[in-house]
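Number of protein chains: 2
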Amino acid sequence: MRISAKAEYACVAMLELAANFAEPQPLPIKVIAEAQEIPQNFLVQILLQLKTAGLVVSVRGASGGYQLARSPDAITMADIINAIDDRAAAPRSALAKGRLSRAVGVLLGIWQEVQAEEQRALQRITLAELVRRIQEDHALSYQI
Amino acid sequence: MRISAKAEYACVAMLELAANFAEPQPLPIKVIAEAQEIPQNFLVQILLQLKTAGLVVSVRGASGGYQLARSPDAITMADIINAIDDRAAAPRSALAKGRLSRAVGVLLGIWQEVQAEEQRALQRITLAELVRRIQEDHALSYQI
DNA sequence: CGAATCTTTATTATTATGATAAAGATGGTT
DNA sequence: AACCATCTTTATCATAATAATAAAGATTCG
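Protein sequences appear in the order of chains A and B.
In terms of this note's numbering, the numbers along the first sequence are unbroken and rise by one, the last being 144.
In terms of this note's numbering, the numbers along the second sequence are unbroken and rise by one, the last being 1144.
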């Protein structure tokens, strides 16, 4: 799995928002960027995409910011990654100008099967589960 | 699944070699390139990678060319695609300069899980199975 | 020897990714 | 009303990855 920096940034930004989920005040971009060391201007674009996908909501104006649109256990890794990179889009053949050869058509079917497996794996993991794993990981590092 | 043009070319080139598997003479690059409409110089590099991966063998000199290194039912899509793009390589974080944050470490583990699913899906389909699907597809187009 | 072919490496063109910048719109606060 | 912090939108640039081209060298058959 080759994940883009953008999608990874999106995941950690969502983690930051998940940590703030109980709070009524939204988190400003600047705060998220500093907490997670994400280039602020890049994060601007990332949050816009997450918003377009309906994963976060924004509050404009002074004391504005971002919040999760719904509970962390109702948001999956697939949601986040597809919002940024759209790995769920129908695979296109890199070749195939115009009509598909039979061989390429069959290959496309295979890429679809593989992609479906990937999507299922990403859907199995929610943002809440991600938070849980990180906490466990943290706890472990103190057991030693 | 976002597959590179190079990997797709590799698959159709392997199909051409599979069709020639029973023959004792190897297929020259030029013949494969023309049959499958692959840029010949590009195919040069592709076959080199397939050879390095041990999927094909080459015969040099006049009347030389390429042949599958083993039976089509002993070659999987994973073999071919990994020879070209190496999708089996350990996922690296696009972020993470130096030591990983806890969050990024956990994310890496998830990318690994997802990648493992992808690999399993690609390993399930052999070159022989691909040939079979294309023939079926062909047969279907005449049943109408 | 010479033609056909693989081998190896270098270069270029195009596209995707990662990042930066800034002007405009909005809304709370004074 | 003015101001400031913030989101919004669009444009631009730099770097890296991908796709493709090119060509000189090595090998073997006839």
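By construction, the Cβ of each residue, glycine as well, lies at the ideal position given by its N, Cα and C atoms.
As the structure is a prediction and not an experimental result, all values here were calculated from the model.
Short Cβ contact (8 Å threshold) for residue i with residue j
{"i": "proline 26/A", "j": "methionine 1001/B", "result": "no"}
{"i": "serine 1004/B", "j": "alanine 94/A", "result": "yes"}
{"i": "glutamine 1045/B", "j": "lysine 1030/B", "result": "no"}
{"i": "isoleucine 84/A", "j": "methionine 1077/B", "result": "no"}
{"i": "valine 1056/B", "j": "leucine 1068/B", "result": "yes"}
{"i": "isoleucine 1038/B", "j": "alanine 1013/B", "result": "yes"}
{"i": "aspartate 1137/B", "j": "valine 114/A", "result": "no"}
{"i": "leucine 999/B", "j": "isoleucine 1032/B", "result": "With chain B running from 1001 to 1144 in the structure shown, residue 999/B is simply not present."}
{"i": "valine 1028/B", "j": "glycine 1064/B", "result": "It is proline, not valine, that sits at residue 1028/B in the sequence shown. Cβ distance < 8 Å, so proline 1028/B and glycine 1064/B count as in contact."}
{"i": "glutamate 1117/B", "j": "glutamate 118/A", "result": "yes"}
Reference residue i, options the options, closest by Cα
{"i": "glutamate 16/A", "options": "Gly64/A, Glu34/A and Lys6/A", "result": "Glu34/A"}
{"i": "aspartate 73/A", "options": "Ala83/A, Ile125/A and Gln40/A", "result": "Ile125/A"}
{"i": "alanine 103/A", "options": "Gln1135/B, Gly1064/B and Asp1079/B", "result": "Gln1135/B"}
{"i": "alanine 1018/B", "options": "Arg1070/B, Gly1064/B and Leu1050/B", "result": "Arg1070/B"}
{"i": "serine 179/A", "options": "Gly1064/B, Gly1065/B, Ser1101/B and Ser1063/B", "result": "Look at the range of chain A in this structure, 1 to 144, and you will see that residue 179/A is not part of it."}
{"i": "alanine 1007/B", "options": "Leu1050/B, Ala1121/B, Asn1020/B and Ala1116/B", "result": "Leu1050/B"}
{"i": "isoleucine 81/A", "options": "Ala121/A, Val131/A and Asp137/A", "result": "Ala121/A"}
{"i": "aspartate 1079/B", "options": "Gly1061/B, Gly1054/B and Ser1063/B", "result": "Gly1054/B"}
{"i": "tyrosine 9/A", "options": "Glu1118/B, Leu1108/B, Glu1117/B and Glu1129/B", "result": "Leu1108/B"}
{"i": "asparagine 1020/B", "options": "Arg1133/B, Gly1061/B and Leu1127/B", "result": "Leu1127/B"}
{"i": "glutamine 123/A", "options": "Ile75/A, Thr52/A and Gln36/A", "result": "Ile75/A"}
{"i": "threonine 52/A", "options": "Asp86/A, Gln36/A and Gln112/A", "result": "Asp86/A"}
For residue i, three-class secondary structure by DSSP
{"i": "leucine 68/A", "result": "strand"}
{"i": "leucine 122/A", "result": "helix"}
{"i": "leucine 1027/B", "result": "strand"}
{"i": "phenylalanine 42/A", "result": "helix"}
{"i": "serine 93/A", "result": "coil"}
{"i": "glutamate 1136/B", "result": "helix"}
{"i": "alanine 1088/B", "result": "coil"}
{"i": "leucine 48/A", "result": "helix"}
{"i": "serine 1101/B", "result": "coil"}
{"i": "alanine 22/A", "result": "coil"}
{"i": "alanine 62/A", "result": "coil"}
{"i": "alanine 35/A", "result": "helix"}
Limits of the beta strand (DSSP E) - the one that residue i falls within
{"i": "serine 1058/B", "result": "1056-1059"}
Within chain B, partners of residue i - CB distance below 9 Å
{"i": "serine 63/A", "result": "Those within 9 Å of serine 63/A in chain B number zero; the least Cβ separation is about 27 Å."}
{"i": "glycine 105/A", "result": "Ile1134 and Asp1137"}
Under 7 Å by beta carbon: chain B residues contacting residue i
{"i": "methionine 1/A", "result": "Pro1091, Trp1111, Val1114, Gln1115 and Glu1118"}
{"i": "leucine 15/A", "result": "Ala1103"}
{"i": "leucine 122/A", "result": "Val1114"}
{"i": "leucine 147/A", "result": "Residue 147/A lies beyond the range of chain A shown here (1 to 144); nothing can be said about it."}
{"i": "isoleucine 125/A", "result": "Ile1110"}
Terminal residues of the alpha helix (DSSP H) in which residue i lies
{"i": "arginine 1/A", "result": "It is methionine, not arginine, that sits at residue 1/A in the sequence shown. Taken as a continuous stretch (DSSP letters only), methionine 1/A belongs to no alpha helix (DSSP H), as it is neither H nor E."}
{"i": "asparagine 1082/B", "result": "1077-1085"}
Cross-chain neighbours of residue i in chain A, by beta carbon under 7 Å
{"i": "valine 1034/B", "result": "The sequence shown places glutamate at residue 1034/B, rather than the valine named in the question. Within chain A, no residue comes near glutamate 1034/B; the closest Cβ sits about 14 Å away, beyond 7 Å."}
{"i": "valine 1031/B", "result": "Within chain A, no residue comes near valine 1031/B; the closest Cβ sits about 16 Å away, beyond 7 Å."}
Amino acids of chain A, ordered along the chain, whose beta-carbon sits closer than 9 Å to that of residue i
{"i": "valine 1012/B", "result": "Leu95, Ser101, Ala103, Val104 and Leu107"}
{"i": "serine 1004/B", "result": "Ala94"}
Contacts of residue i in chain A (Cβ-Cβ under 8 Å)
{"i": "serine 1071/B", "result": "Residues of chain A passing the Cβ test: none, with the nearest at roughly 19 Å."}
{"i": "threonine 1023/B", "result": "A small correction: the amino acid at residue 1023/B is glutamate; threonine does not occupy that position in the sequence shown. Within 8 Å Cβ-Cβ: nothing; glutamate 1023/B doesn't reach chain A, min ~19 Å."}
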